[in-house]
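Worksheet: the structure to be examined is printed underneath.
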Amino acid sequence: MPEAARRTFLQNSLIAGFALAVKPVAASTIQTDSSGLLVGPVNIGEMPAYRAQPAQAAQALPTIIVIQEIFGVHEHIQDLCRRLARQGYLAIAPELYYRQGDPRQFSDTQLLIKELVSKVPDEQVLADLDQTAQWAAAQGGDPQRLAVTGFCWGGRITWLYAAHQPKVKASVAWYGQLTGQASSSNPLHPVDIAQKIKSPVLGLYAGKDQGISLESIEQMRKTLRLQTQYIVVYDDASHGFNADYRPSYHPAAAQDGWKMMLDWFKRFGI
């Protein structure tokens, strides 16, 4: 990404709105009220991020890192942060493509994947998530109560980060790719590192997902080694079932998955 374009992206980052590739948004789109919350863009070094937390916090807050979809930290991801803040969390969503470009400016999803997403190295992402966790701990987050959740592209990263960072107490991965062809940017996939994960992880997946096969889900299940690592499949749902702004939204699966996620975090002290 040219330096001038990168500076413009950093200056204009995290403006409210949806990525071009997902417009028009569906009537089912949820908008969470921010009253009583401290919300808005922050900088983690040079990296833009969106933060939401209760405005009045008497003590260190449990922290959830929210890992973006392929569309970046657009309005849906920001709204998920606000929903978590309403549950008492410090929710922080870093813009993990910021060195490579602005995903919200692509109007075609396949072009976005080819021209931007495929060029984002996993190693860079994991390091940026480490920096995000450090920032949260310095801004009133409790480093002993750190959790991660991610959606689609971020669901895959959630598995990888659970294996990478031992300080993560619990994770929830929403319909993230489990297997795939290795590349210079993505040398390993969740199934390759599953046995290295030493913390609880809940996977939420869709039975009608056209990009994530039931065979790959079963392969992942067989590779996981702890009783606190398992995968739930919503048989009637499709990929992106929690994305209320898209036609893929499946209210029953989304609501049940969200409840399961909150219960999961509470179960492990987050």
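Note that the UniProt record's numbering has the sequence shown beginning at 1, numbered continuously upward. Where a beta carbon is used, it is the ideal one built from N, C-alpha and C, also for glycine.
Cross-strand partners of residue i (DSSP beta bridge)
i, result
"residue 43", "48"
"residue 168", "For residue 168, which the question treats as bridged, DSSP gives no partner whatsoever."
"residue 53", "38"
"residue 94", "49"
"residue 72", "69"
"residue 174", "151, 204"
Beta strand (DSSP E) segment containing residue i, residue limits
i, result
"residue 149", "141 to 151"
"residue 262", "Looking at the DSSP string, residue 262 is not in any beta strand (DSSP E); the run it does join, the alpha helix (DSSP H), is 251 to 267."
"residue 117", "Run containing residue 117: none; DSSP gives neither H nor E here."
"residue 201", "201 to 206"
"residue 67", "61 to 67"
Backbone CA spacing between residue i and residue j [nearest angstrom]
i, j, result
"residue 93", "residue 217", "26 Å"
"residue 89", "residue 214", "33 Å"
"residue 113", "residue 225", "32 Å"
"residue 185", "residue 178", "16 Å"
"residue 209", "residue 155", "14 Å"
"residue 4", "residue 99", "Confidence at residue 4 is low in this model, with a pLDDT of 49, below 50, so the placement of that residue should be treated as unreliable; the coordinate-derived value is given next. Whole-angstrom Cα-Cα distance: 12 Å."
"residue 243", "residue 196", "30 Å"
"residue 162", "residue 222", "17 Å"
"residue 129", "residue 135", "10 Å"
"residue 246", "residue 36", "28 Å"
"residue 32", "residue 79", "6 Å"
"residue 238", "residue 253", "10 Å"
"residue 257", "residue 125", "25 Å"
"residue 10", "residue 227", "Confidence in residue 10 is poor, its pLDDT being 49 and thus under 50, which makes the residue's placement too unreliable to answer from."
"residue 160", "residue 91", "19 Å"
"residue 51", "residue 141", "11 Å"
"residue 122", "residue 62", "26 Å"
"residue 81", "residue 220", "28 Å"
"residue 266", "residue 200", "12 Å"
"residue 28", "residue 120", "31 Å"
"residue 59", "residue 108", "44 Å"
"residue 143", "residue 165", "12 Å"
"residue 53", "residue 111", "34 Å"
Best match in the options for proximity to residue i [C-alpha to C-alpha]
i, options, result
"residue 23", "106, 100, 123, 176", "106"
"residue 20", "203, 202, 76, 91", "76"
"residue 153", "51, 228, 72, 25", "72"
"residue 138", "199, 160, 45", "45"
"residue 48", "96, 125, 157, 263", "96"
"residue 202", "264, 191, 238, 61", "264"
"residue 233", "135, 245, 250", "250"
"residue 176", "166, 101, 164, 157", "157"
"residue 248", "261, 270, 206", "206"
"residue 38", "56, 27, 70", "56"
"residue 42", "132, 101, 29", "132"
"residue 174", "109, 29, 267, 230", "230"
"residue 74", "118, 255, 109, 104", "104"
"residue 40", "30, 26, 25, 17", "17"
Host alpha helix (DSSP H) of residue i (start-end)
i, result
"residue 229", "First-last for residue 229: 229 to 234, but that is the beta strand (DSSP E), not the alpha helix (DSSP H)."
"residue 191", "190 to 193"
"residue 130", "122 to 138"
"residue 107", "Segment: none, residue 107 is in no alpha helix (DSSP H) and carries neither H nor E."
"residue 222", "214 to 223"
- [ ] Report yes or no: do three or more beta-carbon pairs, one from the stretch 146 to 154 and one from the stretch 65 to 75, lie closer than 8 Å?
- [x] yes
- [ ] Please determine if the stretch 159 to 174 and the stretch 81 to 88 are in contact, where contact requires at least 3 C-beta pairs separated by less than 8 Å.
- [x] Note that the stretch 159 to 174 does not touch the stretch 81 to 88; fewer than 3 beta-carbon pairs, one per stretch, sit closer than 8 Å.
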